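Chemist:
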Amino acid sequence: MSVVGYSEEHIKTLEWREHIRLRPGMYIGKLGDGSSQDDGIYVLLKEVMDNAVDEYMMGFGKKIDVSINGKEVRVRDYGRGIPLGKVTEAVSKMNTGAKYDSKAFKKSVGLNGVGVKAVNALSSKFIIRSVRDGQIKVSEFEHGITIKDHPVTSTDEENGVEVIFQPDEAMFGNYYFISEYVDSMLKNYVYLNAGLVINFNGNKFFSRNGLVDLLNENMSKEGLYPIVHLKGEDIEIAFTHGLQYGEDYYSFVNGQNTTQGGTHLLAFREAYVKTIRDFYKKDFDPADIRSSIIAAISVKIEEPIFESQTKTKLGSKDMGPEGPSVRYFMGEFIKKQLDDYLHKNSETAGILLKKIQESEKERKAISSIQKLARERAKKVSLHNKKLRDCRIHFNTNDARKLESTIFITEGDSASGSITKSRDVETQAVFSLRGKPLNSYGLTKKIVYENEEFNLLQAALNVEESIEDLRYNNVVIATDADVDGMHIRLLLLTFFLQFFPDLVRKGHVYILQTPLFRVRNKKETRYCYSSEEKAKAIKDLGPNPEITRFKGLGEISPDEFKYFIGKDIRLEPVRMKKNDTINGYLEFYMGKNTPDRQDFIIENLRIEEDIVEEEKELV
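According to my numbering, the sequence shown holds residues -13 to 604 in order.
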């Protein structure tokens, strides 16, 4: 048995930039190519924005200019500017910043001495410009290394900081920014900071009504009653109820979008239930009280503690070193403000009571069948032939939890190829028997009556709450033919009907698999479109071998591993504000109508293989 040596030469000290580039996940969560809302390129933008917004929160600068041109990002604020003697240090020396002093930045958004350094280290180009009182300091970097440190000069520019950066393709691959994701992030900043103006690529974002504007932006139709808006020192809450299943929350701490919730969201859910029970003097089930709620919660906490570097989940138990607990603070605020509101607005109180009673009635109607379904699911969970599980899940604290993925496949051949080539640590496979049931217009009872839906729900672990979701990425992996498209629609109908948050929060994807393989004796190219195929034929020279993949089952496990590995191509299923779920489902999955028939006829495509004849040179 060979023993690995361990001596002084094995002890290494990494420079700050080397450590960030070696372990980017510690600083930005994950890399990604921009197709997912939580990919690293958006985290880089957020880190720069956080610093700019902190200046506004401290009372300096009323606007922020943002532009993205291809892969280059520019952010200009009009705050105080970084002290000129510390500009280079502030973006290239770890644990350097003003936010360790809670008096200077009492309830800041930005990270203490880390965030913008990560942006610098992970960018192929990074330029910082700081203007203070008629003077400017400029520093230029590449991959975190200082390229040019300009001397301080005079200027007539307004005070503030401009950051220009380009995420490094060596780290992020062939990435791209999706403007909808950037829009959503920037809009959240203005909703949380009424009066702040953000200009982005010619569009102006501004909010007068804070979280009310946020809910109106994200709701596809009006709530059952006017949005309840409660504000106090260090807290703002807005909520209403809709007709959808589940609970829909937007939570923030010091302006940071805590997508995974945390102690403040738990405290709100608990306080809301208690106040409603006390107001109506009835011991309603918490699930009935919160069913179909749409709420936004924002709190400001002194020296907050987050459960990860990317600050997506609050861990703080207290509002500050000297403050009350988050639970007590939230409970007292809701108890007073919501109770007063309901007493003053009897019509809203009546609508809310009716909604709770309807939820209770539906829950009781399915409780018996739910019990049977759970027992059935429990019996098969140990030997569920449909699920090939992985070891690492999203609802754990594992360092790789963001990679957790479940592939929903059609048929045994496709699931077999994926199962054999997957990463057993982070990739699970759920195999469908055939075409699932069209669930459009059905109640949640069908989720428990239909064995396949019930097992899928159990595999995802979303029966109680999306917060329990076991996989970060829910990937629909079907053939790109008519049957495959139909199965995609049926699955999306199921998710949109009963678990819309899966789609809203960016967990659902369509797996893109190659249509063609083009190869010669030296090189193999996988092509995802006819354009890519034409380019491959041109690049690989005369008479390459061309194979067309008609289905996932035709791709061998040895090849499949390339399509679900680090170069996986996923198409996110996205919903915009104006996307009405019911409207879409009725059109595509409802009764066959002349409108839909006309749509199909108008959008029929005939695919032809165009063969280019080579002209011989005489």
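All C-beta atoms, glycine included, are put in the ideal place defined by N, C-alpha and C.
As the structure is a computational prediction, the values presented were derived from the model and not from experiment.
#1: Under a Cβ-count criterion, where at least 16 other Cβ atoms within 10 Å of its own Cβ denotes burial, should Y162 be classed as buried or exposed?
#2: Under the DSSP definition of a beta bridge, which residues are partnered with Y512?
#3: Taking the runs of the alpha helix (DSSP H) that are 4 residues or longer, which of them lie wholly in the segment 459 to 498?
#4: Measuring CB to CB, does S19 end up less than 7 Å from T74?
#5: What does DSSP give as the partner residue(s) for D271 in the beta ladder?
#6: Would you tell me roughly how many angstroms separate the C-alpha atoms of D269 and N243, rounded to the nearest one?
#7: Check for me: the beta strand (DSSP E) holding L556 runs from which residue to which?
#8: Start and end of the beta strand (DSSP E) containing I27?
#9: For H227, name the three-state secondary structure that DSSP assigns.
#10: Decide if S109 is buried, meaning its Cβ has at least 16 other Cβ atoms within 10 Å, or exposed.
#11: Alpha carbon to alpha carbon, what distance is there between I6 and L216?
#12: Got a sec? Which residues, its chain only, sit under 7 Å from D154 by beta carbon, not counting five neighbours each side?
#13: Measuring only the C-alpha atoms, how far is A180 from I114?
#14: So who's on the other strand from P153, going by DSSP bridges?
#15: Using only the alpha-carbon positions, how far apart do T261 and E389 sit?
#16: Suppose contacts are defined by Cβ-Cβ distances below 7 Å. Is V34 in contact with V149 by that definition?
#17: May I have the straight-line CA-CA distance separating D271 from K297, to the nearest angstrom?
#18: If you reduce the DSSP assignment to three classes, tell me which class Q242 lands in.
#19: Quick one: is P486 buried, meaning 16 or more other Cβ sit within 10 Å of its Cβ, or exposed?
#20: Under three-state DSSP, which class holds I287?
#21: Cβ atoms of F416 and D432: under 7 Å apart, would you say?
#22: On the three-pair Cβ rule with 8 Å, is the segment 241 to 259 touching the segment 199 to 211?
#23: With 16 other CB atoms within 10 Å as the buried threshold, where does L8 fall?
#24: Quick one: complete alpha helix (DSSP H) runs, 4+ long, within the segment 376 to 461?
#25: Rounded to a whole number of angstroms, what is the C-alpha to C-alpha distance between L17 and G420?
#26: Between which residues of its own chain and V504 is the CB-CB distance below 7 Å, once the five residues before and five after are set aside?
#27: Which runs of the alpha helix (DSSP H) at least 4 residues long sit entirely within the segment 125 to 149? Give them in chain order.
#28: Closest by CA to S165, which one among F186, F158, N145, V117?
#29: To the nearest angstrom, how far is it from the Cα of G47 to the Cα of R374?
#30: Along the beta strand (DSSP E) that carries K190, what are the first and last residues, could you check?
#31: Would you report the Cα separation of E450 and G551, rounded to the nearest angstrom?
#32: Please look up how many angstroms separate the CB atoms of I320 and G209, rounded, as I've assumed it's under 8 Å.
#33: State buried or exposed for L229, treating a residue as buried only when at least 16 other CB atoms are found within 10 Å of its CB.
#34: Does DSSP put A282 in a helix, a strand or coil?
#35: Would you list the residues sitting across from Q121 in a DSSP beta bridge?
#36: Can you tell me whether L172 is helix, strand or coil according to DSSP?
Modeler: Checking against the coordinates, here is how it stands:
#1: Within the sequence shown, the letter at position 176 stands for residue 162. So Y162 counts as exposed.
#2: The sequence position of residue 512 within the sequence shown is 526, counting from 1. Answer is R503, bridged to Y512.
#3: 468 to 484, 486 to 490
#4: Counting from 1 along the sequence shown, the entry for residue 19 is found at position 33. Counting from 1 along the sequence shown, the entry for residue 74 is found at position 88. Reading the sequence as shown, one finds Asp at residue 19 and not Ser. Result no, Cβ atoms of D19 and T74 do not sit closer than 7 Å.
#5: Position 285 of the sequence shown holds residue 271. D271 is not bridged to any residue.
#6: On the sequence shown, position 283 is the one that residue 269 refers to. On the sequence shown, position 257 is the one that residue 243 refers to. About 33 Å.
#7: The residue labelled residue 556 in the question sits at position 570 within the sequence shown. Taken as a continuous stretch (DSSP letters only), the beta strand (DSSP E) holding L556 covers 555 to 558.
#8: If you number the sequence shown from 1, residue 27 lands on position 41. From DSSP, I27 is part of no beta strand (DSSP E) but of the alpha helix (DSSP H) over 26 to 43.
#9: Position 241 of the sequence shown, counting from 1, holds the residue named residue 227. H227: strand per DSSP, three-state reduction.
#10: Numbered from its first residue, the sequence shown carries residue 109 at position 123. Per the 10 Å Cβ criterion, buried.
#11: On the sequence shown, position 230 is the one that residue 216 refers to. On the sequence shown, position 20 is the one that residue 6 refers to. Their Cα atoms are separated by approximately 41 Å.
#12: As a working note, residue 154 is residue 168 in the sequence shown. Excluding residues within five positions, the ones whose Cβ falls inside 7 Å are L108, S109, S110, H129.
#13: Translated into positions along the sequence shown, residue 180 becomes position 194. Translated into positions along the sequence shown, residue 114 becomes position 128. Looking at the two C-alpha atoms, the distance is approximately 27 Å.
#14: For the purposes of this step, residue 153 is taken as residue 167 along the sequence shown, with counting starting at 1. P153 pairs with S109.
#15: On the sequence shown, position 275 is the one that residue 261 refers to. On the sequence shown, position 403 is the one that residue 389 refers to. Taking the straight line from one Cα to the other gives about 39 Å.
#16: For the purposes of this step, residue 34 is taken as residue 48 along the sequence shown, with counting starting at 1. For the purposes of this step, residue 149 is taken as residue 163 along the sequence shown, with counting starting at 1. Cβ distance < 7 Å, so V34 and V149 count as in contact.
#17: Residue mapping note: residue 271 aligns to position 285 of the sequence shown, counting from 1. Residue mapping note: residue 297 aligns to position 311 of the sequence shown, counting from 1. Answer to the nearest angstrom: the Cα atoms are 32 Å apart.
#18: Working through the sequence shown from its first residue, we reach residue 242 at position 256. Looking at Q242 - three-state DSSP - the assignment turns out to be strand.
#19: Here residue 486 is taken as the residue at index 500 of the sequence shown, counted from 1. So P486 counts as buried.
#20: Translated into positions along the sequence shown, residue 287 becomes position 301. Correct three-state label for I287: coil.
#21: Taking the first residue of the sequence shown as position 1, residue 432 is located at position 446. Taking the first residue of the sequence shown as position 1, residue 416 is located at position 430. Checking the sequence shown, residue 432 turns out to be Ile, not Asp. Taking 7 Å as the Cβ cut-off, I432 and F416 do not qualify as a contacting pair.
#22: no
#23: Start at 1 with the first residue of the sequence shown, and residue 8 comes out as number 22. The residue is exposed, with fewer than 16 neighbouring Cβ atoms inside 10 Å.
#24: 397 to 407, 431 to 435, 437 to 446
#25: The sequence position of residue 17 within the sequence shown is 31, counting from 1. The sequence position of residue 420 within the sequence shown is 434, counting from 1. L17 and G420: Cα-Cα distance of roughly 35 Å.
#26: Along the sequence shown, one-based indexing puts residue 504 at 518. Same-chain partners within the cutoff: R511, C513, K519, A522, I523, L526, P530, I532.
#27: none
#28: As a working mapping, residue 165 is identified with position 179 in the sequence shown. Ranking F186, F158, N145, V117 by Cα distance to S165 puts F186 first.
#29: In the sequence shown, the residue the question calls residue 47 occupies position 61. In the sequence shown, the residue the question calls residue 374 occupies position 388. Their Cα atoms are separated by approximately 54 Å.
#30: Taking the first residue of the sequence shown as position 1, residue 190 is located at position 204. 189 to 191 is the extent of the beta strand (DSSP E) around K190.
#31: Locating residue 450 in the sequence shown gives position 464, where the first residue counts as 1. Locating residue 551 in the sequence shown gives position 565, where the first residue counts as 1. Cα to Cα, the separation comes out at about 31 Å.
#32: Residue mapping note: residue 320 aligns to position 334 of the sequence shown, counting from 1. Residue mapping note: residue 209 aligns to position 223 of the sequence shown, counting from 1. So it is not a contact: roughly 18 Å between Cβ atoms.
#33: Counting from 1 along the sequence shown, the entry for residue 229 is found at position 243. It is exposed - the Cβ of L229 has fewer than 16 other Cβ atoms within 10 Å.
#34: As a first step, residue 282 must be located in the sequence shown, where it is residue number 296. Correct three-state label for A282: strand.
#35: The residue given as residue 121 occupies position 135 in the sequence shown. The partner list for Q121 (beta bridge, DSSP) reads R118, S140.
#36: Residue mapping note: residue 172 aligns to position 186 of the sequence shown, counting from 1. Three-state result, L172: helix.
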